[in-house]
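Numbering (our numbering), first residue to last: 41 to 332.
Written out as structure tokens, the structure is:
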């Protein structure tokens, strides 16, 4: 399944391009197919799931040829699909539902994690601690047990045949500042070492606090980049903020994050050195627990 969110963004770009090629204004197109101008605007902004009848009327009004008609209608149908996360969005949390959507069908996922260990590699005990610690930030419908199930479902994306290549750069701060009890953190770090060693499509790299980043760049928040098999689909960047997630598809904005990620890659440890670092920190936690 290709991300319905991404397909909506692709459909929006295709419809805008078509309308401009035929020198139609939004008003003219809306009147031609018998809808409000705002409906055309929402379709071209990717804010709504498409109505296939409306899309067919747009394509007829613009006299689109058979090959392009088939391509756009395929995109529109995929944009209508509902993933497993739709049914449980409130219980699992809308932010996690958004990431499940973006991960669907991705070819490559790159992540910079500043303050927490990466969700796609979290063990259940770590996820459970975080779900309960952040409980106050969710709605009354949030269910920590459902959040755990959803996290496990998302993680299976990395294990499926043809799944995405995944690289995460973890800031040393996320390892040094405990987001769970020491024994849970130790188990989580051991898991990262094991995953980094045995799963070829997963790369884990640590960004040391002492790292010198090109241009003295200072990342301000965690972020993710998503690429999809169809090269005409947009590259997507999701920026994790305290209250919500910002999703970017505009190339000018996206390229700034791609450049920042490149700088972080150059400053981060190699995957082998990162595994050694994680194992050393985990070993230190064993001694810490034993001395108490």
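Just so you know, even glycine gets a beta-carbon here, dropped at the ideal spot from N, CA and C.
For clarity, every value in this text was computed on a predicted model and none was experimentally measured.
Assigned exposure category for residue i - 16 Cβ within 10 Å defines buried
{"i": "residue 67", "result": "exposed"}
{"i": "residue 309", "result": "buried"}
{"i": "residue 299", "result": "exposed"}
{"i": "residue 43", "result": "buried"}
{"i": "residue 187", "result": "buried"}
{"i": "residue 315", "result": "buried"}
{"i": "residue 201", "result": "exposed"}
{"i": "residue 224", "result": "buried"}
{"i": "residue 217", "result": "exposed"}
CA nearest to the CA of residue i, picked from the options
{"i": "residue 281", "options": "274, 264, 121", "result": "264"}
{"i": "residue 58", "options": "289, 269, 104", "result": "104"}
{"i": "residue 170", "options": "244, 135, 321, 156", "result": "156"}
{"i": "residue 311", "options": "137, 324, 267, 242", "result": "242"}
{"i": "residue 245", "options": "186, 301, 313", "result": "313"}
{"i": "residue 326", "options": "72, 178, 226", "result": "226"}
{"i": "residue 111", "options": "62, 96, 304", "result": "96"}
{"i": "residue 142", "options": "41, 133, 168", "result": "41"}
{"i": "residue 119", "options": "228, 287, 92", "result": "92"}
{"i": "residue 71", "options": "54, 277, 53, 94", "result": "94"}
{"i": "residue 206", "options": "248, 220, 159", "result": "159"}
{"i": "residue 303", "options": "124, 83, 285, 251", "result": "251"}
Range of the contiguous alpha helix (DSSP H) that encloses residue i
{"i": "residue 218", "result": "First-last for residue 218: undefined, no H or E at that position."}
{"i": "residue 47", "result": "44 to 61"}
{"i": "residue 157", "result": "It is not in any alpha helix (DSSP H) - residue 157 carries neither H nor E in the DSSP assignment."}
{"i": "residue 172", "result": "164 to 173"}
{"i": "residue 187", "result": "184 to 195"}
Host beta strand (DSSP E) of residue i (start-end)
{"i": "residue 207", "result": "205 to 211"}
{"i": "residue 276", "result": "276 to 280"}
{"i": "residue 153", "result": "148 to 153"}
Residue i Cβ short of 7 Å to the ligand PLP heavy atom set
{"i": "residue 101", "result": "As far as ligands go, the structure on display features none, and thus does not contain the ligand PLP."}
Worksheet item: Can we say the region 42 to 52 touches the region 82 to 93, given the rule of at least three CB pairs closer than 8 Å?
Response: Touching, yes.
Practice prompt. Within the region 238 to 310, note down every full beta strand (DSSP E) run reaching 3 residues or more, in order along the chain.
Written response: Segments of the beta strand (DSSP E) lying fully in the region 238 to 310: 242 to 247, 263 to 267, 276 to 280, 285 to 288.
Practice prompt. Answer yes if the region 138 to 155 comes into contact with the region 201 to 215, meaning at least three C-beta pairs across the two stretches below 8 Å, and no otherwise.
Written response: Proximity of the region 201 to 215 to the region 138 to 155 meets the contact definition, three or more beta-carbon pairs being nearer than 8 Å.
Discussion item. At 3 residues or longer, what runs of the beta strand (DSSP E) sit wholly inside the region 50 to 136?
Written reply: If we require 3 residues or more, the region 50 to 136 turns out to have no beta strand (DSSP E) run fully inside it.
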